[in-house]
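Visitor: Below you'll find the structure I mean.
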Amino acid sequence: MDKANRKIGALMKKGQEIAKGLGHRGHLLKGSMVRYYNVCGKKDCRCKKGKKHGPYLYVSVYEGKKTRLIYVPRGMESKVREWVGNVRELHKRVSEISRLNVGVLRRMQKRG
Ligand SMILES: [Zn+2]
34 MDKANRKIGA
44 LMKKGQEIAK
54 GLGHRGHLLK
64 GSMVRYYNVC
74 GKKDCRCKKG
84 KKHGPYLYVS
94 VYEGKKTRLI
104 YVPRGMESKV
114 REWVGNVREL
124 HKRVSEISRL
134 NVGVLRRMQK
144 RG
């Protein structure tokens, strides 16, 4: 095997190793965490005088061409944060594998 072939082999192997880790990411949630203060429906509430309720945690998700805010219950904050983080990590790995494979194709072209 020549040097160029070895390099291509190494790139592909690296991509495969990253891909192996993709299956161990746990739960995924594609969205971003946001905090909002709310105004309630009560007539004489403090929130009407500028002291809004909250902050409440939401996860903003893209659903059917629309962005929706889903309320995150208090006890779920760290879990949802983890799920959202898992997607970010997954994207990072997919980008890395993609970059490696672009490198493989470029090296093949050079050799004609
Ligand atoms: Zn209120």
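This note's numbering numbers the first residue of the sequence shown as 34 and each following residue consecutively. Using N, Cα and C, we set each Cβ at its ideal position, and we do this for glycine too.
1. Kindly indicate which residue of V94, K112, Y95 and R79 has the alpha-carbon position closest to the one of H60.
2. Leaving out five residues on either side along the sequence, give the residues of the same chain with a beta carbon under 6 Å from the beta carbon of I41.
3. Roughly how many angstroms lie between the CA atoms of R107 and R79, to the nearest whole one?
4. What beta strand (DSSP E) runs, 3 residues minimum, are completely inside the segment 65-105?
5. If you count every other CB in all the chains shown that lies within 10 Å of the CB of I103, and 16 or more means buried, which is it?
6. Look at the alpha carbon of G87 and the alpha carbon of Y70, and state the distance between them as a whole number of angstroms.
7. Confirm, please, whether the CB-CB distance from V92 to M66 is below 8 Å.
8. Is the separation between the beta-carbon of L62 and that of V127 shorter than 8 Å?
9. Looking at the structure shown, is H124 part of a helix, part of a strand, or coil, going by DSSP?
10. Starting from K63, trace the alpha helix (DSSP H) both ways and give me its first and last residue.
11. How would you call G64, buried or exposed, if buried means at least 16 neighbouring beta carbons within 10 angstroms?
Guide: By the coordinates alone:
1. As a first step, residue 60 must be located in the sequence shown, where it is residue number 27. Nearest of V94, K112, Y95 and R79 to H60, Cα basis: K112.
2. Numbered from 1 along the sequence shown, position 8 holds the residue referred to as residue 41. Cβ within range, chain order: V137 and R140.
3. Indexing the sequence shown from 1 puts residue 107 at position 74. Indexing the sequence shown from 1 puts residue 79 at position 46. Rounded to whole angstroms, R107 to R79 spans 22 Å at the Cα level.
4. 65-71, 86-96 and 99-104
5. In the sequence shown, counting from the first residue as 1, residue 103 sits at position 70. When all chains shown are included, I103 counts as exposed.
6. Here residue 87 is taken as the residue at index 54 of the sequence shown, counted from 1. Here residue 70 is taken as the residue at index 37 of the sequence shown, counted from 1. When rounded, the distance between both Cα atoms is 5 Å.
7. To locate residue 66, count along the sequence shown from 1; it is residue 33. To locate residue 92, count along the sequence shown from 1; it is residue 59. Yes, they are a contact pair.
8. Taking the first residue of the sequence shown as 1, we reach residue 62 at position 29. Taking the first residue of the sequence shown as 1, we reach residue 127 at position 94. Going by C-beta atoms, L62 is not nearer than 8 Å to V127.
9. Here residue 124 is taken as the residue at index 91 of the sequence shown, counted from 1. Note: H124 maps to helix in three-state DSSP.
10. Walking along the sequence shown from the start, residue 63 turns up at place 30. Looking at the DSSP string, K63 is not in any alpha helix (DSSP H), and its letter there is neither H nor E.
11. The count along the sequence shown starts at 1 and reaches residue 64 at position 31. Buried.
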